[in-house]
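*Asks:* Protein chains in written order, with my numbering: chain A, 1 to 485; chain B, 1001 to 1458; chain C, 2001 to 2132.
1. Counting only beta-carbon separations shorter than 9 Å, does residue 1285(B) have a partner in chain A?
2. With C-beta atoms as the reference, is residue 9(A) less than 9 Å away from residue 36(A)?
3. Just the C-alpha distance for residue 1075(B) and residue 1391(B), rounded to the nearest angstrom, thanks.
4. In chain A, which residues lie less than 7 Å from residue 1386(B) when you measure between Cβ atoms?
5. Which residues in the same chain as residue 152(A) place their Cβ atom closer than 8 Å to its Cβ, once the five residues preceding and following it in sequence are excluded?
6. Can you check the segment 201-284 of chain A for any beta strand (DSSP E) of at least 3 residues that lies completely inside it and give the ranges in chain order?
7. Give me, in chain order, the residues of the same chain whose beta-carbon lies closer than 8 Å to that of residue 1376(B); leave out the 5 immediate sequence neighbours on both sides.
8. What is the DSSP secondary structure of residue 55(A), counted as helix, strand or coil?
9. Which first and last residues belong to the beta strand (DSSP E) in which residue 1231(B) is found?
10. Is residue 162(A) near residue 303(A), with beta carbons less than 9 Å apart?
11. Hey, could you find the ends of the alpha helix (DSSP H) residue 345(A) is sitting in?
12. Helix, strand or coil, according to DSSP, for residue 1287(B) in the structure here?
13. My output table needs one value for residue 2073(C): the three-state DSSP class, helix, strand or coil.
14. From which residue to which residue does the alpha helix (DSSP H) around residue 490(A) run?
15. Using 9 Å as the limit for Cβ to Cβ distance, is residue 2125(C) near chain B?
16. Are the CB atoms of residue 379(A) and residue 458(A) nearer to each other than 9 Å?
17. With three or more C-beta pairs closer than 8 Å as the rule, is the segment 1281-1291 of chain B touching the segment 1219-1232 of chain B?
18. Could you give the C-beta distance for residue 450(A) and residue 460(A), rounded to a whole number, given that I count them as a contact under 8 Å?
19. Going by the CB atoms, is the gap between residue 333(A) and residue 502(A) shorter than 9 Å?
20. At 4 residues or longer, and completely inside the segment 1333-1413 of chain B: list those alpha helix (DSSP H) runs for me, N to C.
21. If the cut is a Cβ gap below 8 Å, which residues of chain A does residue 1406(B) touch?
22. Could you run through the segment 161-195 of chain A and flag, in chain order, every residue whose CB is less than 8 Å away from some CB of chain B?
23. If you check the beta carbons only, do residue 54(A) and residue 119(A) fall under 9 Å apart?
24. Which residues in the same chain have their Cβ closer than 6 Å to the Cβ of residue 200(A), if we skip the five residues on either side of it in sequence?
25. For residue 315(A), which residues in the same chain have their Cβ closer than 6 Å to its Cβ, ignoring the five residues on either side in sequence?
26. Which same chain residues end up closer than 7 Å to residue 1089(B) when comparing Cβ atoms and leaving out the 5 residues on each side of it in sequence?
27. Report the CB separation of residue 1406(B) from residue 350(A) in whole angstroms; it is logged as a contact under 8 Å.
28. Is it right to say residue 1197(B) is buried, meaning 16 or more other beta carbons lie within 10 angstroms of its own, or is it exposed?
29. Which of the three DSSP states, helix, strand or coil, is assigned to residue 401(A)?
30. Give a yes or no on whether 9 Å exceeds the smallest Cβ distance from residue 1438(B) to chain C.
31. Do you know offhand how far residue 356(A)'s Cα is from residue 436(A)'s?
32. Check the Cβ-Cβ distances between residue 1130(B) and every residue of chain C, and say whether any is below 9 Å.
33. Would you kindly work out how many angstroms separate the C-alpha atoms of residue 1150(B) and residue 126(A), rounded to a whole number?
34. Any C-beta of chain C sitting closer than 9 Å to the C-beta of residue 1015(B)?
35. From the DSSP secondary-structure annotation, give me the bridge partner or partners of residue 349(A).
36. What separation, rounded to the nearest whole angstrom, lies between the Cα atoms of residue 442(A) and residue 362(A)?
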């Protein structure tokens, strides 16, 4: 029952919010609903709820043999925890942002949460596809309605990009359906006997969808524009959670199902990932807009996860798993800071800011910790994930180019230190100017949100074991299917 | 048989009510009640209850598939009457006759959904076409309507001639009009006359469903005809002809070993391409919908292309989903003062219900999950994947589906994200409720398509 | 002799089959030629300018062809064609009058019923009203 409740809470609340007229009430209801799903998720993970309640399996479409099948295995738990944790933080940290028709805004936000949770829990391919699209529709409306100046063109580009990807995925899933003898069940997709040509076809169809979503170079062109033009709360959803949909897709629906094609084509995708990382890092260094800077840094970080998955080993996959979570909360922290700056000064240009540390010391301290995590300093959570991934790529028996990949990826880590620290230096240190001289420190809601994230960063940084053991079984299974250790 | 006879009788009744009944409201009510009765009688026949016992000498065969299709077509027409009856009576002075013609078209649809002889196919297609020529020109004082009607009539007559020639060739080759006869002797000698004849029949049918390269009449006719009738033509009538096409192919080409699949694949690809690409450049929503209907016809052609269980289920769902959505959008369009995209600017502020329901209909046309349009497309694509050949067509189709998002979403962008004061004719609360009901149906069937499909098997 | 040809036509299947048709064509053409040929000799013969003008259905066929013609003209014409064609259905009935019996009679009665309905409809619609 837990999966169904997890989806229904945001779904029903989100739909109901359209009827709520008062802004403050709508906001509070949305926060409560997201906290409720977080509580449910935590209760489910801590063992208070019977394990049998963590799956749900009911018939849906008799004719084509598709079922309402949700389950919360280790990887799903990790990502659902990320989702349910992020939404309260997103809503609370942007508490003071003003939106027209805010009831609709929060309604759509909750609907997208329902879609995202469904994606992470579905074990039926058609159901997965359903939620994959459902998560997209509310975000389309959110970006186009409340976004920046060029929002309409940018969002339709985003939508068409991802829609093409998902249609390819649909074809791939249909092909698997016929191969599996008329079943959409994930478990029936495993161990299918296919020729290498068929496997390759299905692999490419699915991989395009995931590559666009993550995004992987060269399918990334929608991403910086969309991140920039969306309202920041929506950018948080897009980068903290939605980008993980693609990575999750690779780990659940691609690598275990078409393992030999993944193995054969691994080098191609790993190379693309490395190119993307370098490319995004170099561009990030030249950005003057805070949002675009974080957007490009996100491409670089996601690229490392893609690399670890396509040059696989146990350590690398485990690193990618935990890094999905880490990147989620770290980037959330970055966006919160961007949002504070944008709300306060009405600009995101680095060149127009400066000297904030004198006026907002708390913000600066919290940001520096988040930024250190972003560049994977030891004792922060990202260090654990990225170290494991480097270790994994270097030791992967699946690729001959492990060393080259590792060196290139290490360069991007250095670059990320360059652009992140430079941004901090320009924005927070130095002399105040006319704009920033009247700045005040952050309000309580931002403090609390950032504090939660910082606690998370340090906690996972020193004690990552619970999260790692959560996904160890899934990682070992994926590797086993690829005949790797 | 129930539906064929009753719809003809109802048509005559409506004709006479034009003489004896002066109130337009009364005529509307008679027509709506008549359509409800027709639907009821057809459902009764699905349950095995026959009003008339006519020996058709095997020229008509009433299968579950055909009857289910009739039910769907009649339900769609009933909905069409409910939301747009007022606009039908406002087209001109001969209100009752318009309804009568629609009943005659229903009769034609009931014939083509169950024909078993090429003669009956021809009769059915003509019964559908001739009233349409009249309906297209029913806005007598409008030059565009006249032009559309004449164009449609001339082109339609040509295609009729081609069909007759084809039937003649088929008869010459097989010495029979019967479909079963053709099916049983299909491999008895590769008879060139037979295939030439079928090809001519195919061309004529493709003309009627506005598939490329026989689509040139469509935009002008759909644009020129009074908008209510465009709505009817683009949905129910088109689906009716598609059923005929599916039936024809089901029984004639399958197993022939000829490369007919390639022909259909090329036509499908051309239709998808031309429909979608041209729709992008339209400035008027009505014309955009005309091209989109060509594009949707491309997807429906998958039902002819693959010929398996999936395609049969798909064409049923497609008919339903496409008709529901398109009738809904046209019903809103009629109420608009300005048919261009700019005319929709800010509709979400002035008429939120209309905007929300139109959005759902558009999402359904684009094939987004949670709407019936998704399952319609899903079944079509799955049928093509199952048939195993010509995978390029499937990939081409999804690229076109992605293109279609662009122009469907332009309407959504206008309604929600652009500022303006969209002007509409006054709309009644009943109209809003009806639209909301249709949108709800689109979503419910989008989650549980089995609600409709189960009737195919029981 | 005539009888002989007809009997032959039924039994054999060759070009001879078409002999009766050829005979009929010959008779028809001969009749036209004969009547046209002897009419100048039988009647009075006055030549006037009016008579030599071309005309069609009582209308001068010289001048602008694009002049509007009353729509009633077409209406009556098309209705005539319609009902005229429907009458043709009586011929097969007349040939099989005895064999079809009462069932056939009822069917034709129904047909005539529809026929009358249509006629009633056009009268009520004012299609045959000559003055507005």
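Note that beta-carbon positions come from the ideal geometry of N, C-alpha and C, so glycine has one too.
*Replies:* In short:
1. The sequence position of residue 1285(B) within the second chain is 285, counting from 1. No - not a single Cβ of chain A is within 9 Å of the one on residue 1285(B).
2. Residue 9(A) sits at position 9 when you count from the first residue of the first chain. Residue 36(A) sits at position 36 when you count from the first residue of the first chain. The answer is yes: Cβ separation under 9 Å.
3. Taking the first residue of the second chain as position 1, residue 1075(B) is located at position 75. Taking the first residue of the second chain as position 1, residue 1391(B) is located at position 391. Near 35 Å, if we compare the C-alpha coordinates of residue 1391(B) and residue 1075(B).
4. Mapped onto the second chain, residue 1386(B) falls at position 386. The contacting residues are 178.
5. Taking the first chain and counting its residues from 1, the one referred to as residue 152(A) is at position 152. Excluding positions up to five away in sequence, the list reads 144.
6. none
7. As a working mapping, residue 1376(B) is identified with position 376 in the second chain. If we look at residue 1376(B) and ignore the five residues flanking it on each side, its Cβ neighbours are 1299, 1314, 1317, 1318, 1320, 1321, 1322 and 1367.
8. Numbered from 1 along the first chain, position 55 holds the residue referred to as residue 55(A). Strand, per DSSP.
9. For the purposes of this step, residue 1231(B) is taken as residue 231 along the second chain, with counting starting at 1. Segment 1227-1232 is the alpha helix (DSSP H) holding residue 1231(B); no beta strand (DSSP E) there.
10. Residue numbering aside, residue 162(A) sits at position 162 when the first chain is read from its first letter. Residue numbering aside, residue 303(A) sits at position 303 when the first chain is read from its first letter. Result no, Cβ atoms of residue 162(A) and residue 303(A) do not sit closer than 9 Å.
11. Your numbering for residue 345(A) matches position 345 in the first chain. First-last of the alpha helix (DSSP H) with residue 345(A): 314-345.
12. Along the second chain, one-based indexing puts residue 1287(B) at 287. Residue 1287(B) falls in the helix class under three-state DSSP.
13. The sequence position of residue 2073(C) within the third chain is 73, counting from 1. If DSSP states are grouped into helix, strand and coil, residue 2073(C) belongs with the helices.
14. The structure shown does not extend to residue 490(A), since chain A is modelled only from 1 through 485, so no value can be given for it.
15. In the third chain, counting from the first residue as 1, residue 2125(C) sits at position 125. Interface residue, yes.
16. By one-based count along the first chain, residue 379(A) stands at place 379. By one-based count along the first chain, residue 458(A) stands at place 458. Closer than 9 Å, so yes.
17. yes
18. Residue numbering aside, residue 450(A) sits at position 450 when the first chain is read from its first letter. Residue numbering aside, residue 460(A) sits at position 460 when the first chain is read from its first letter. Incorrect: roughly 16 Å between the Cβ atoms, too far for contact.
19. One cannot answer for residue 502(A) here, as it falls past the ends of chain A, which runs 1 to 485.
20. 1347-1350, 1352-1366, 1372-1387 and 1391-1412
21. On the second chain, residue 1406(B) is found 406 positions in, with the first residue counted as 1. Chain A residues near residue 1406(B): 156 and 160.
22. 163, 164, 167, 168, 170, 171, 174, 175, 177 and 178
23. Sequence index remark: in the first chain, residue 54(A) carries index 54 (1-based). Sequence index remark: in the first chain, residue 119(A) carries index 119 (1-based). The answer is no: Cβ separation not under 9 Å.
24. The sequence position of residue 200(A) within the first chain is 200, counting from 1. Excluding sequence neighbours, residue 200(A) sits near 261.
25. Along the first chain, one-based indexing puts residue 315(A) at 315. 388, 391 and 392, listed in sequence order.
26. Here residue 1089(B) refers to the residue found at position 89 when the second chain is read from its first residue. The answer, listed in chain order, is 1024, 1027, 1028 and 1095.
27. As a position in the second chain, residue 1406(B) is number 406, starting the count at 1. As a position in the first chain, residue 350(A) is number 350, starting the count at 1. 35 Å between Cβ atoms; not a contact.
28. Position 197 of the second chain, counting from 1, holds the residue named residue 1197(B). Burial call: buried.
29. What you label residue 401(A) is simply residue 401 of the first chain in a count that begins at 1. Looking at residue 401(A) - three-state DSSP - the assignment turns out to be coil, as it is neither helix nor strand.
30. On the second chain, position 438 is the one that residue 1438(B) refers to. So no, residue 1438(B) is outside the interface.
31. Taking the first residue of the first chain as position 1, residue 356(A) is located at position 356. Taking the first residue of the first chain as position 1, residue 436(A) is located at position 436. Rounded to the nearest angstrom, the two C-alpha atoms are 7 Å apart.
32. Numbered from its first residue, the second chain carries residue 1130(B) at position 130. Not closer than 9 Å to any Cβ of chain C, the Cβ of residue 1130(B) fails to qualify, so no.
33. Here residue 1150(B) is taken as the residue at index 150 of the second chain, counted from 1. Here residue 126(A) is taken as the residue at index 126 of the first chain, counted from 1. Roughly 48 Å separates the two Cα atoms.
34. Locating residue 1015(B) in the second chain gives position 15, counting from the first residue. For residue 1015(B), the answer is yes, since a Cβ of chain C falls inside 9 Å of its Cβ.
35. The sequence position of residue 349(A) within the first chain is 349, counting from 1. Paired residues: 289(A).
36. In the first chain, residue 442(A) corresponds to position 442, counting from 1. In the first chain, residue 362(A) corresponds to position 362, counting from 1. Residue 442(A) and residue 362(A): Cα-Cα distance of roughly 7 Å.
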